[in-house]
Structure formats: structure tokens, C-alpha cells
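Report on the structure given below.
Protein chains in written order, with the numbering used here: chain R, 472 to 668; chain B, 27 to 164.
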């Protein structure tokens with residue numbers, strides 16, 4: 472009796488990988504935007520971005536004290552650095568000006584559970600973040616005026632990654648709220664829930 | 027044995043498939059893969075776990091399934107060990123994104139426990155390969 476010849480390991484393994492690839496492609500194509508991923512990631516260790524900044528310096532004249540009340544701390548643009556980390560006190564001061572954009576780099580689902588009132592969702596892990604950054608740029612936001620980005624504080628690097636993306640499209644004054652949302656909650660400052668800022 | 031190993035990977039894979047960006051985040055936190063490969067890994071790895079787990083559960087290509095899961099377990103153990111050696115606390119992401127806030131010390135302890143669990147699962151995979159060694163020669 473002839474015994475059936477067994478397929479080599481690599482042939483079966485390649486079939487498993489091919490099935491997994493096909494299933495991943497289909498499920499990703501059908502996923503909701505906040506659960507979709509681009510196949511090619513554009514992440515890097517914060518501070519070590521592989522690409523140089525495309526626009527050399529701010530398009531508009533630097534405005535170091537945009538909307539700052541007299542005697543208030545100034546936040547000058549920093550064209551040589553993607554971001555500057557700031558404390559909770561400084562963030563609260565910027566928030567009080569009511570003109571500084573706040574961007575939330577955490578997942579959209581986490582954003583819905585609670586975010587800084589007025590902050591916009593810019594989850595750095597979701598497929599549409601680059602479009603959001605481009606749209607934000609296209610709104611004509613002053614590239615030299617302060618923008619606050621935050622995530623969950625501690626070891627969270629999402630805000631730094633978002634800051635790097637903003638820097639690469641031309642924003643020169645991105646400020647990272649180092650201690651992030653947990654610190655904001657501790658300070659009992661205004662928060663909102665849901666999908667809207 | 028094969029059902030335990032298969033069920034573990036099917037459940038773990040499905041949990042990760044539910045939230046690919048969350049799993050990509052966990053992979054990035056390990057600081058091992060280049061950024062360009064993080065998303066592709068986050069998309070394909072959970073499905074490979076599910077496909078292989080289901081095949082093993084149904085008794086299809088058992089030896090190949092056990093080998094693939096064994097290789098995955100070795101990769102997970104190495105990835106966790108590298109981060110333990112760096113004293114860099116990470117969530118394993120084995121069952122998707124963790125929503126529980128943990129301290130660094132808790133994370134480091136959990137990483138050691140996960141390595142122990144993965145070693146146990148690796149022994150299961152080895153046992154399956156041993157029990158089915160005649161199939162190789164068939």
C-alpha cells in the first residue's frame with residue numbers, strides 16, 4: 472500500500488500565513504475607521520523621526536505671545552524642536568486663554584469616555600490621523616501659535632508622536648502636556664464626555 | 027492537549043482582532059519591531075493565531091500548527107525577556123489592550139508570569155509534536 476506523501480512544513484506554514492493575510496486584509500477593509508490600520512506604519516521612537524522637517528521654519532512671522540494676557544508666561548515657537556513638554560500649571564494657563572487648540576492623542580474610544588473639554592480627537596493609532604493633521608493644517612491654524620497635545624501621562628508617548636506629525640507638516644509650537652489627562656482630572660479642570668469636543 | 031493550546035490562541039487572537047490599533051500600540055511599546063512593520067504585524071499576527079488555532083482544534087495539519095504556535099511562543103518569550111532585561115515595563119497585549127491601570131512594578135511582575143505561562147504553553151506544543159511524531163513519517 473502506498474503511503475500518502477506528507478507536505479513539507481514550509482508549504483503548510485505558507486498556506487496558514489496566506490490565509491491569515493487574506494483574512495486580515497478583508498477584516499481591515501471592513502473595519503470601522505477607528506479600528507482600521509494602515510498596512511505600513513509611520514511610527515518612530517519620539518525624538519528620532521527619520522524625516523527632516525519639510526518646511527524650513529514658520530510660514531508666518533513668529534508670534535511668541537499669541538493671545539497672552541499682559542504679564543502671562545509666553546510660549547515662543549521652537550522651530551528646531553518638534554515639541555516642548557509643559558507642566559499642568561502651564562497647560563491650565565493656556566486653557567484659560569480659550570484660543571489655544573487642544574488635541575487628544577489617545578484612542579477615540581478612550582476620548583469618548585472623557586477628555587479635556589474642547590479638545591479634539593486625534594488618535595495617533597488610528598488610520599485617519601494623517602488626514603486629520605492635514606485638515607487641521609488646512610484650517611489655517613497659526614503655525615507659530617501654541618497647540619497643546621496630550622495623552623495619558625506617565626510612559627504614554629502618543630502625544631509626542633502626534634507632536635512629531637504636527638511638526639512635520641509645519642507647526643512650530645507644539646506643547647506636550649507631559650502628565651496628560653490623569654493630571655487634568657486631578658486638578659478638577661473641565662472635562663467632556665462623548666464624541667464631540 | 028491540542029485543544030487547550032488551540033483554544034488559548036483562538037481566544038487571544040479574537041481579542042486582538044477586535045482592536046488592531048490597540049494591538050499595534052502594544053507592539054510599538056515593546057520597542058523591538060521597526061515602526062514600518064508594526065501595523066502589518068498587528069493585522070496579521072492575530073489572524074495567524076486564529077487560523078492556526080482553529081486548524082489545530084480540528085486536527086488539520088497538527089504538526090505544522092503546533093510548530094507555528096511554538097515559534098510564536100518563542101518570539102513572545104524573547105520579546106518579553108528583552109524588555110525585562112531593559113527594565114522596561116510593557117503590557118503583553120496577549121488578549122488585546124488592557125484597560126486596567128497598573129504600576130510599573132505590577133507590569134514587571136506580570137511580564138514574568140506571562141513568560142512562565144508561555145513556557146508552559148511551549149511545553150504543550152512540544153508534547154503535541156512528540157505525540158504526533160509518527161505523522162511526520164507517514
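Just so you know, even glycine gets a beta-carbon here, dropped at the ideal spot from N, CA and C.
What separation, rounded to the nearest whole angstrom, lies between the Cα atoms of residue 17(B) and residue 49(B)? A query on residue 17(B) cannot be resolved here, the shown segment of chain B reaching from 27 to 164 and no further.
What residues from chain R crowd round residue 62(B), counting only those whose CB sits closer than 7 angstroms? On the second chain, residue 62(B) is found 36 positions in, with the first residue counted as 1. Near residue 62(B) (Cβ distances below 7 angstroms), the residues of chain R are 511 and 512.
Can you name the residues of chain B whose CB is closer than 7 angstroms to the CB of residue 556(R)? Here the question's residue 556(R) lines up with position 85 in the first chain. Here the premise fails: no neighbours, minimum Cβ distance about 19 angstroms.
Can you tell me the Cβ-Cβ gap for residue 608(R) and residue 641(R), rounded? I've got them flagged as a contact below 8 angstroms. Mapped onto the first chain, residue 608(R) falls at position 137. Mapped onto the first chain, residue 641(R) falls at position 170. About 7 angstroms separates the beta carbon of residue 608(R) from that of residue 641(R), a gap short enough to meet the 8 angstroms contact definition.
If you reduce the DSSP assignment to three classes, tell me which class residue 646(R) lands in. As a first step, residue 646(R) is located in the first chain; it is residue number 175 there, counting from the start. Assigned with DSSP and collapsed to three states, residue 646(R) falls in strand.
Let me check understanding here. Comparing Cα to Cα, which of 510(R), 659(R), 666(R) and 625(R) lies closest to residue 127(B)? For the purposes of this step, residue 127(B) is taken as residue 101 along the second chain, with counting starting at 1. Residue 625(R) is the option with its Cα nearest to residue 127(B).
Closest by C-alpha distance to residue 64(B), when choosing among 653(R), 488(R), 638(R) and 596(R): Position 38 of the second chain, counted from the first residue, corresponds to residue 64(B). Answer by Cα proximity: 596(R).
Integer Cβ distance of residue 646(R) from residue 554(R), believed to fall under 8 angstroms: Within the first chain, residue 646(R) is the residue found at index 175, counting from 1. Within the first chain, residue 554(R) is the residue found at index 83, counting from 1. 7 angstroms between Cβ atoms; contact.
Can you pull the chain B neighbours of residue 487(R), defined as C-beta to C-beta under 8 angstroms? As a first step, residue 487(R) must be located in the first chain, where it is residue number 16. Going along chain B in sequence order, the residues near residue 487(R) (Cβ under 8 angstroms) are 74, 77, 78, 81, 87, 90, 91 and 94.
Close-in-space but distant-in-sequence residues of the same chain around residue 598(R) (CB under 8 angstroms, 5 per side omitted): By 1-based counting over the first chain, the position of residue 598(R) is 127. Excluding sequence neighbours, residue 598(R) sits near 504, 507, 508 and 509.
Mapping DSSP to helix, strand and coil, what is residue 663(R)? Residue 663(R) sits at position 192 when you count from the first residue of the first chain. Looking at residue 663(R) - three-state DSSP - the assignment turns out to be strand.
For residue 655(R), is the classification buried or exposed, using 16 other Cβ atoms within 10 angstroms of its Cβ as the cut-off for buried? Start at 1 with the first residue of the first chain, and residue 655(R) comes out as number 184. Residue 655(R) counts as buried, since at least 16 other C-beta atoms from the protein chains shown sit within 10 angstroms of its C-beta.
Just mark residue 86(B) as buried or exposed, buried being the case when its beta carbon has 16 or more other beta carbons within 10 Å. One-based indexing of the second chain puts residue 86(B) at position 60. Around the CB of residue 86(B), fewer than 16 other CB atoms lie within 10 Å, so the residue is classed as exposed.
Does the beta carbon of residue 630(R) come closer than 8 angstroms to any beta carbon on chain B? Sequence index remark: in the first chain, residue 630(R) carries index 159 (1-based). Residue 630(R) does not count as touching chain B.
Just to confirm, is the Cβ distance from residue 511(R) to residue 574(R) under 8 angstroms? As a first step, residue 511(R) must be located in the first chain, where it is residue number 40. As a first step, residue 574(R) must be located in the first chain, where it is residue number 103. Not a contact, by the Cβ cut-off of 8 angstroms.
Can you list, in chain order, the residues of its chain whose CB lies under 6 angstroms from that of residue 130(B), leaving out five sequence neighbours each side? Mapped onto the second chain, residue 130(B) falls at position 104. Within the same chain, 115 come within 6 angstroms of residue 130(B) by CB-CB distance, once the 5 residues on both sides are set aside.
Could you name the residues that DSSP lists as bridge partners for residue 586(R)? Counted from its first residue, the first chain places residue 586(R) at position 115. In the DSSP output, where bridge partners are listed per residue, residue 586(R) has 663(R).
Taking the continuous alpha helix (DSSP H) assigned at residue 505(R), which residues delimit it? Taking the first chain and counting its residues from 1, one reaches residue 505(R) at position 34. That residue, residue 505(R), is in no alpha helix (DSSP H); it is neither H nor E in DSSP.
Relative to the ligand MG, is the shortest distance from any of its heavy atoms to the C-beta of residue 143(B) smaller than 7 angstroms? Absent from the structure shown: the ligand MG. Ligands present: none.
Proximal chain B residues relative to residue 495(R), where beta-carbon distance stays under 7 angstroms: The residue given as residue 495(R) occupies position 24 in the first chain. Ordered by position in chain B, the residues that pass the 7 angstroms Cβ test against residue 495(R) are 69, 70 and 73.
Helix, strand or coil: how does DSSP classify residue 58(B) here? In the second chain, counting from the first residue as 1, residue 58(B) sits at position 32. Of the three classes helix, strand and coil, the one that applies to residue 58(B) here is coil, per DSSP.
In DSSP terms, what residue 156(B) is bridged to: The count along the second chain starts at 1 and reaches residue 156(B) at position 130. Partner(s): none; residue 156(B) has no beta bridge.
Along chain B, which residues have their Cβ under 7 angstroms away from the Cβ of residue 574(R)? For the purposes of this step, residue 574(R) is taken as the residue at position 103 of the first chain. Residues of chain B whose Cβ lies closer than 7 angstroms to the Cβ of residue 574(R) do not exist; the shortest such Cβ separation is about 17 angstroms.
Measuring straight from C-alpha to C-alpha, what distance separates residue 636(R) and residue 27(B)? Taking the first chain and counting its residues from 1, the one referred to as residue 636(R) is at position 165. Taking the second chain and counting its residues from 1, the one referred to as residue 27(B) is at position 1. For residue 636(R) and residue 27(B), the distance between alpha carbons rounds to 48 angstroms.
Using a Cβ-Cβ cut-off of less than 7 angstroms, give me the residues of the region 36 to 51 of chain B that come near chain R, in sequence order. Cβ contacts with chain R: 43, 45, 46, 47, 48, 50 and 51.
Of the residues 543(R), 663(R) and 546(R), the one placed nearest residue 592(R), counting alpha carbons only: Position 121 of the first chain holds residue 592(R). Ranked by Cα distance from residue 592(R), the first of 543(R), 663(R) and 546(R) is 663(R).
Output the boundary residues of the alpha helix (DSSP H) element that contains residue 429(R). The structure shown does not extend to residue 429(R), since chain R is modelled only from 472 to 668, so the question has no answer here.
In its own chain, which residues sit with a C-beta less than 7 angstroms from the C-beta of residue 528(R), not counting the 5 before and 5 after it? Position 57 of the first chain holds residue 528(R). The predicted position of residue 528(R) is uncertain, since its pLDDT is 43 and thus under 50; no value can be drawn from it.
In DSSP terms, what residue 592(R) is bridged to: Sequence index remark: in the first chain, residue 592(R) carries index 121 (1-based). Looking at the DSSP assignment, residue 592(R) forms a beta bridge with 575(R).
Consider the Cβ of residue 157(B): report whether some Cβ of chain R lies at a distance smaller than 8 angstroms. In the second chain, counting from the first residue as 1, residue 157(B) sits at position 131. Not one beta carbon of chain R lies nearer than 8 angstroms to the beta carbon of residue 157(B).
Quick check on the burial criterion: 16 or more other C-beta atoms within 10 angstroms. Buried or exposed for residue 576(R)? By 1-based counting over the first chain, the position of residue 576(R) is 105. By the neighbour-count criterion, in which 16 or more other beta carbons inside 10 Å mark a residue as buried, residue 576(R) falls on the buried side.
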